[in-house]
Amino acid sequence: KAGVTQTPRYLIKTRGQQVTLSCSPISGHRSVSWYQQTPGQGLQFLFEYFSETQRNKGNFPGRFSGRQFSNSRSEMNVSTLELGDSALYLCASTVSGSSGNTIYFGEGSWLTVV
Amino acid sequence: AQKVTQAQTEISVVEKEDVTLDCVYETRDTTYYLFWYKQPPSGELVFLIRRNSFDEQNEISGRYSWNFQKSTSSFNFTITASQVVDSAVYFCALSEAGNNNDMRFGAGTRLTVKP
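As they're listed, the protein sequences go chains A and B. Sequential numbering of the first sequence, starting at 1, is according to the working numbering. Sequential numbering of the second sequence, starting at 1001, is according to the working numbering.
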């Protein structure tokens, strides 16, 4: 069974640009979450999508947005990039069970803003 | 508010030593879930275990074992007979029922196992 797939793996952008990251969850998983990981702030929850609807949102500015498609693939977008947006962006795919959810992560997209 | 504390920033051991990674959590919910993830240099967070708040049984999986104690709000992780391949950053995380995918992570513990 394929895992969570994220593209691109590495990218470099300039301040003020925008970026779109893509995530394909594990087949059959309908929930996709996004996290940002930085050395200073650690791992922080961005948002979660389920059945094409944002179900939960972390404490990030409106420059961070996302969406989910009917095939459960998700994209996140960051507009007007700032140096502080340099981070590893991790996508997670969730499987729900009777005793709770198990969350699997992809390898992440390493974003550098210069 | 939910919070996870991993007090050990870095641990270094020699191969074959046992090592315990500490995790202390805070939550007001009575139903919650605790996780451990391993992050190698590649960046992927590898799922190791999920424990539900209503299940205090300890668990052993090969060289890995987990000790969940609600009385002390701790969920510690022990690696027995450590190996070089265990070198990674380990994260403990907490999610509350109804908010399952909004996980709060600890700061992580970097484990280095030397040959």
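Each residue gets a CB set at the ideal place from its N, CA and C atoms; glycine is no exception.
By the Cβ criterion, the segment 26-43 of chain A is in contact with the segment 1092-1108 of chain B, since at least three pairs of Cβ atoms, one from each stretch, lie closer than 8 angstroms. Just so you know, the alpha carbons of Gly62 (chain A) and Thr20 (chain A) end up roughly 14 angstroms apart.
The contact set of Gly1062 (chain B) on chain A, defined by CB atoms closer than 9 angstroms, is empty, because the minimum CB distance reaches about 19 angstroms. A direct Cα-to-Cα measurement between Arg1051 (chain B) and Val78 (chain A) gives close to 34 angstroms. Pro8 (chain A) and Ser1042 (chain B) have their alpha carbons spaced roughly 14 angstroms apart. Close partners of Asn101 (chain A) in chain B (Cβ separation under 9 angstroms): Tyr1033, Arg1050, Ser1095, Asn1100 and Asn1101. For chain B, the residues of the segment 19-40 of chain A that bring a beta carbon within less than 7 angstroms of one of its beta carbons are Ser31 and Ser33, in chain order.
Between the beta-carbon of Phe1054 (chain B) and that of Thr1031 (chain B) there is about 7 angstroms, and that keeps the pair under the 8 angstroms contact cut.
DSSP links Gln68 (chain A) through a beta bridge to A:Ser74.
Residue environment for Ile1060 (chain B): exposed (fewer than 16 other C-beta atoms within 10 angstroms of its C-beta). Within chain B, the C-beta atoms nearer than 7 angstroms to that of Tyr104 (chain A) come from Phe1047, in chain order. For the pair Leu90 (chain A) and Pro1040 (chain B), the Cα-to-Cα distance works out to about 14 angstroms. At the C-beta level, Val1113 (chain B) and Val1084 (chain B) come within 7 angstroms of one another. DSSP places Gln6 (chain A) in the uninterrupted beta strand (DSSP E) bounded by Thr5 to Thr7.
A Cβ-Cβ contact shorter than 7 angstroms links Arg15 (chain A) with Leu81 (chain A).
With a 10 Å radius around the Cβ and a threshold of 16 neighbouring Cβ atoms, Phe1091 (chain B) comes out buried. With fewer than 16 neighbouring CB atoms inside 10 Å of its own CB, Gln17 (chain A) falls in the exposed class. Judged by DSSP secondary structure, Ser79 (chain A) falls outside any beta strand (DSSP E); it is assigned neither H nor E. In its chain, beyond the 5 residues on either side, Arg67, Gln68, Phe69 and Ser70 have a beta carbon closer than 8 angstroms to the beta carbon of Glu52 (chain A). Ala1088 (chain B) has a beta carbon lying at 7 angstroms or more from every beta carbon in chain A.
Phe1105 (chain B) belongs to the set of residues whose beta carbon lies under 7 angstroms from a beta carbon in chain A. Shown here for Asp85 (chain A): same chain residues with a beta carbon closer than 7 angstroms to its own, the five before and five after excluded, namely Val78, Leu111 and Val113 in chain order.
Contact of Gly108 (chain A) with chain B is assigned, a C-beta pair being separated by under 7 angstroms.
Gln1008 (chain B): not part of any beta strand (DSSP E); DSSP gives it neither H nor E.
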